[in-house]
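The structure under discussion appears below in the form of structure tokens.
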Amino acid sequence: MNSLELWLQFKDFFIDLVKYGFPAVALGLSILSYKDSRKANKVQDRLKEVEEKLKKYELEDKEKEREEATKACVEARIGRISKGKYKMKVWNSGKATAYNVNFNIPEECEEVVRRDKVPYEFLESGKSFEEHVLVDFETPNKFKVTTTWMDKQGSPYSKEQIVTI
Numbered sequence: 008m009n010s011l012e013l014w015l016q017f018k019d020f021f022i023d024l025v026k027y028g029f030p031a032v033a034l035g036l037s038i039l040s041y042k043d044s045r046k047a048n049k050v051q052d053r054l055k056e057v058e059e060k061l062k063k064y065e066l067e068d069k070e071k072e073r074e075e076a077t078k079a080c081v082e083a084r085i086g087r088i089s090k091g092k093y094k095m096k097v098w099n100s101g102k103a104t105a106y107n108v109n110f111n112i113p114e115e116c117e118e119v120v121r122r123d124k125v126p127y128e129f130l131e132s133g134k135s136f137e138e139h140v141l142v143d144f145e146t147p148n149k150f151k152v153t154t155t156w157m158d159k160q161g162s163p164y165s166k167e168q169i170v171t172i
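If you count the sequence shown from 1, you need to add 7 to reach the working numbering.
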């Protein structure tokens with residue numbers, strides 16, 4: 008083989024390579040790129056879903072905070088002042104003012120708690136008042152107290168608790 012034949016064979020090989028080899032390699036790269044872009048799109052879609060859920064959760068959380076900022080929560084507890092002396096403390100643990108605050112107790116315990124200060128006209132957030140509790144041998148160790156109040160718009164609320172002596 009002389010150099011001319013060698014050159015012609017190389018030329019034919021190079022033409023075939025350019026005609027068929029490069030497009031085949033380009034097609035292979037295109038297929039790989041397409042697969043990678045599909046994977047990336049799936050990841051992007053999942054990320055969008057997670058972001059939407061997170062935004063929805065944050066929105067619900069903000070809405071809940073806003074709602075709690077406009078609510079009062081009146082609670083009651085009996086505490087020992089000294090030996091044989093007890094008081095029931097009624098307080099507003101919410102973030103808004105409670106109006107027309109009152110409490111209800113079972114009939115068998117009505118003589119236990121005095122009702123000197125109720126209905127309490129308004130009870131601001133963090134404020135409290137106390138009622139005297141009279142304890143004797145027949146007083147039950149625990150009983151149910153239902154606190155009632157209204158919000159600024161006049162909507163009634165209540166909370167039921169068990170208090171212990």
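We treat Cβ as the ideally placed atom computed from N, Cα and C, and that holds for glycine.
Query	Result
Simplified DSSP state of R121, which is helix, strand or coil	coil
C-alpha distance - G133 paired with K46, whole-angstrom precision	55 Å
Three-pair Cβ contact test at 8 Å for the stretch 110-125 versus the stretch 150-161	yes
Alpha-carbon to alpha-carbon, L34 and D23	16 Å
Cβ pair K125, V140 closer than 8 Å	Reading off the sequence, residue 125 comes out as Val, not Lys. Cβ distance not < 8 Å, so V125 and V140 don't count as in contact.
Cβ pair count under 8 Å reaching 3, the stretch 95-106 against the stretch 77-86	yes
Unbroken alpha helix (DSSP H) run spanning A33, endpoints	29-76
CA nearest to the CA of M95, picked from K60, I172, S40	I172
Buried versus exposed call for V97 [16 or more other C-beta atoms within 10 Å across all chains shown]	buried
Bridge partner(s) assigned by DSSP for T155	N109, S165
Helix, strand or coil at L141 according to DSSP, with G and I counted as helix	coil
Backbone secondary structure at I22 - three-state DSSP	helix
CA-to-CA distance, K18 to E12, given in whole angstroms	10 Å
8 Å Cβ cutoff met for V142 and Y93	yes
8 Å Cβ cutoff met for R121 and E145	no
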